[in-house]
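Numbers -22 to -1, 1 to 211, taken from mature numbering (1 follows the signal peptide of the UniProt record, and there is no 0), label the letters of the sequence shown in order.
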Amino acid sequence: MKKIIYSFACSVFFLLVSNVNASVIMTGTRIVFPSVSTEKIIQFKNPDSQPYVIQLQLTTADNTPDPSAPFVLVPPVFRMEPHTGQSVRLIANGTGRLPENKESVFYLNFTQLPALKATEQNRLVIAVTSRVKIFYRPDSLKGQVTDAYQSVNFSLNNGILTVHNPTGFYISIRKAVLKIGNESVVISESDMLSPQSTVQWRVPAKIKTLKDALLEMTMVNDYGTDYTKERYL
């Protein structure tokens, strides 16, 4: 989950800064939406002693609004009182046009802003925006995302490791480490392999062959938990 912080000045005089830490919590760090479902319930919790106003928005990967996203959020804006929870419905709306042989990814931004009293209008407030991925998963995909790495193909040429993901799953990589002999080299961090696509990772020029090379990949499962797998290339 990524967080972006924006400042909004309510007045140029006598500004008081509110707590910058995000307080409202969304259950989970990613959303998997099966194609057989018509909606998904997203849970929010406010453990703080202060009320917040929450705004939800579907965006593209570059963080711009995505009006073409095939989902509707109900409600898109709401107020959360201290120590309360809130359920939000993520409703399918046009998912039938999405590919049936691979996952599609969308992004959900939720911005929290302290709810101010009338006497606090001259206060500088800090809006905190968090972003999570929504993976739309067709029912036609077989197997588990945690096994998809076994099907990934690798080839090395002139210091470039070409990585091909032939599966229909997005593979979220926390870290990829290439081990040859007594050497370990981090070749990728915070990456995501798209379905049926190819990327290139740079490796040290001294590595000329993948013979006896062991790749250790730390990835992220559907629940946002890291898991590590190794395979010889």
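Glycine is no exception: its CB is placed at the ideal position from the N, C-alpha and C atoms.
Residues Thr145, Phe147, Ile149 of the same chain have their beta carbon placed closer than 6 Å to that of alanine 126, with the five preceding and five following residues left out of the count.
Burial is judged here by how many other beta carbons sit within 10 angstroms of a residue's own beta carbon; valine 52 has fewer than 16 and is exposed. Annotation: the continuous beta strand (DSSP E) that includes isoleucine 165 extends over 161 to 171. Nearest Cα to alanine 93 within the set Ile32, Pro48, Phe84: Ile32.
Non-local beta-carbon contacts of methionine 4 in its own chain, meaning distances under 6 Å to residues more than five positions away in sequence, involve Phe22 in chain order.
Within the same chain, and ignoring the five residues on either side of aspartate 200 in sequence, the residues whose Cβ sits closer than 6 Å to its Cβ are Val10. In this structure, DSSP gives glutamine 128 a helical state, which the three-state scheme calls helix.
Taking the C-beta atoms as reference points, proline 116 is found nearer than 8 Å to asparagine 79.
Valine 55 sits away from isoleucine 20, with the two beta carbons spaced by 8 Å or more.
Distance from threonine 37 to proline 43 at the Cβ level is roughly 6 Å; contact confirmed, criterion being Cβ atoms closer than 8 Å.
Using a 10 angstroms sphere on the CB of asparagine 24, the tally of other CB atoms reaches 16 or more, which defines it as buried. Distance from the Cα of threonine 140 is smallest, within the candidate group Val177, Leu91, Tyr114, for Val177. Along the segment 15 to 60, the alpha helix (DSSP H) does not occur as any fully enclosed run of 4 or more residues. Proximity to glutamine 128 across Asn136, Lys189, Met195 peaks at Met195, based on C-alpha coordinates.
Excluding its 5 nearest sequence neighbours in each direction, lysine 207 has C-beta neighbours in its own chain below 6 Å: Tyr127, Met195, listed in chain order. If the five residues before and after serine 175 are omitted, its C-beta is found closer than 7 Å to the C-beta atoms of Asn143, all from its own chain and listed in chain order.
Per DSSP, reduced to three states, the secondary structure at threonine 107 is strand.
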